[in-house]
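In the working numbering, the protein residues as written are 61 to 277. Every residue, glycine too, gets a C-beta built ideally from N, C-alpha and C. First comes the structure, then the notes that go with it.
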Ligand code: DX5
Ligand code: ZN
């Protein structure tokens, strides 16, 4: 079963509990949670207080995407805040192998995100240890950007790297996902699609999630 992960960055924070309930009742499998520090990316999103509300009320997998420098300083925090999957950026980790082992040691699934300019081959020596790879299909920092078409080739390349090395990593795509590119992304090898604006800015987010889910399953 392929996964839809609504990105809470695009939700109405004035009605956060209502938005969480919408995702709880929908066909989405995960909550995608974008943490931005204004240093690694040119935008600040949210941190602990919002994570606490999600931890309390969200009934599905919490897929946390850290767009922060020095993620090593916060791994324990996010474990305590209920992250099920913790994804760090390749570009933000000097000792990626150690970071991944620490995330796993904290009983979370370990993910690595790649910026659009970072080649898939960077993961050659670590792919076996990863539970998830997040291919950024926009430059991280903001919701509502256009999908970068080169992503399809990266997905195919990652899929073959995963198969060649017998890795169990899930391929997640993040940024500009909509009903135009969802099916093709799955055909190229993706298993999980993050969708922010396409879901939350639509007239009926629950229906949009079911439509996307039907397209990819
Ligand atoms: C971008 C974030 C994405 C973003 C996706 O930096 O990592 O998760 O919220 O939003 P959309 O689907 O609107 O591109
Ligand atoms: Zn994200």
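Spatial distance of residue i from residue j (CA atoms)
i	j	result
residue 255	residue 176	17 Å
residue 167	residue 231	20 Å
residue 253	residue 260	14 Å
residue 221	residue 146	21 Å
residue 191	residue 257	26 Å
residue 143	residue 122	5 Å
residue 126	residue 95	5 Å
residue 81	residue 131	29 Å
residue 150	residue 247	25 Å
residue 206	residue 199	10 Å
residue 93	residue 112	12 Å
residue 64	residue 154	30 Å
residue 152	residue 104	16 Å
residue 89	residue 264	18 Å
residue 204	residue 69	10 Å
residue 186	residue 235	24 Å
residue 189	residue 227	8 Å
residue 211	residue 109	33 Å
residue 174	residue 85	31 Å
residue 213	residue 195	11 Å
residue 262	residue 233	20 Å
For residue i, the residue or residues it bridges with in DSSP
i	result
residue 255	66
residue 194	173, 232
residue 260	Answer by DSSP bridge pairing: none, since residue 260 is not bridged.
residue 149	173
residue 96	127
residue 104	97
residue 121	90
Reference residue i; option with closest CA among the options
i	options	result
residue 72	64, 83, 194, 188	83
residue 107	134, 89, 164, 188	134
residue 197	272, 119, 179	179
residue 87	269, 275, 244, 226	269
residue 245	264, 267, 271, 209	209
residue 77	159, 118, 62	118
residue 160	183, 217, 241	183
residue 201	238, 128, 229, 66	128
residue 124	163, 79, 217, 156	163
residue 148	85, 101, 211	101
Residue burial classification, residue i (beta-carbon count within 10 angstroms, cutoff 16)
i	result
residue 165	exposed
residue 181	exposed
residue 74	exposed
residue 99	exposed
residue 136	exposed
residue 277	exposed
residue 274	exposed
residue 223	exposed
residue 51	Because the chain is modelled from 61 through 277, residue 51 falls outside the range shown and cannot be assessed.
Whole-number beta carbon distance between residue j and residue i, since they are thought to touch under 8 Å
i	j	result
residue 250	residue 215	5 Å
residue 193	residue 229	5 Å
residue 120	residue 91	6 Å
residue 141	residue 115	6 Å
residue 218	residue 239	23 Å between Cβ atoms; not a contact.
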